[in-house]
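**Q** Starting off with a structure, shown below.
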């Protein structure tokens with residue numbers, strides 16, 4: 468799990484996991500709205516990251532099909 472700077476450092480994203488072809492963003496926030504996440508949130512995101520670390524590509528595909536996850540892609544699909 469790690470924090471990613473987005474949009475020329477104006478926004479932050481909490482990323483739970485990155486696989487070979489995908490990243491799981493769990494939380495996005497604007498830097499102007501809050502400086503950082505608190506310790507309780509950090510602990511919860513780490514727990515959630517462990518859940519996603521155990522998922523297979525098939526599990527992720529099922530969650531996408533059920534719309535439990537939303538795919539964000541900036542590359543055209545082949």
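In this note's numbering, the protein residues as written are 468 to 545.
By construction, the Cβ of each residue, glycine as well, lies at the ideal position given by its N, Cα and C atoms.
This one's a predicted model, so the numbers in the text were calculated from it and none came from an experiment.
1. Of the choices 494, 534, 537, 502, whose alpha-carbon is the least far from that of residue 511?
2. For residue 536, I'd like the list of residues in its chain whose CB is within less than 6 angstroms of its CB, leaving aside the five on either flank, ordered along the chain.
3. Report the option in 470, 522, 477 whose CA atom is closest to the CA atom of residue 441.
4. Using 10 angstroms around the beta-carbon of residue 414, count the other beta-carbons present and answer buried if the total reaches 16, otherwise exposed.
5. Using a threshold of 7 angstroms, state whether the C-beta atoms of residue 516 and residue 484 are closer than that.
6. I'd like to know whether the C-beta atoms of residue 481 and residue 470 end up nearer to each other than 7 angstroms.
**A** Considering the structure as presented:
1. 494
2. 530
3. Only positions 468 to 545 of the chain appear in this structure, which leaves residue 441 out of reach.
4. This structure does not reach residue 414, given that the chain is present from 468 up to 545, and the question cannot be answered.
5. For the pair residue 516 and residue 484, the CB atoms are nearer than the 7 angstroms cut-off.
6. yes
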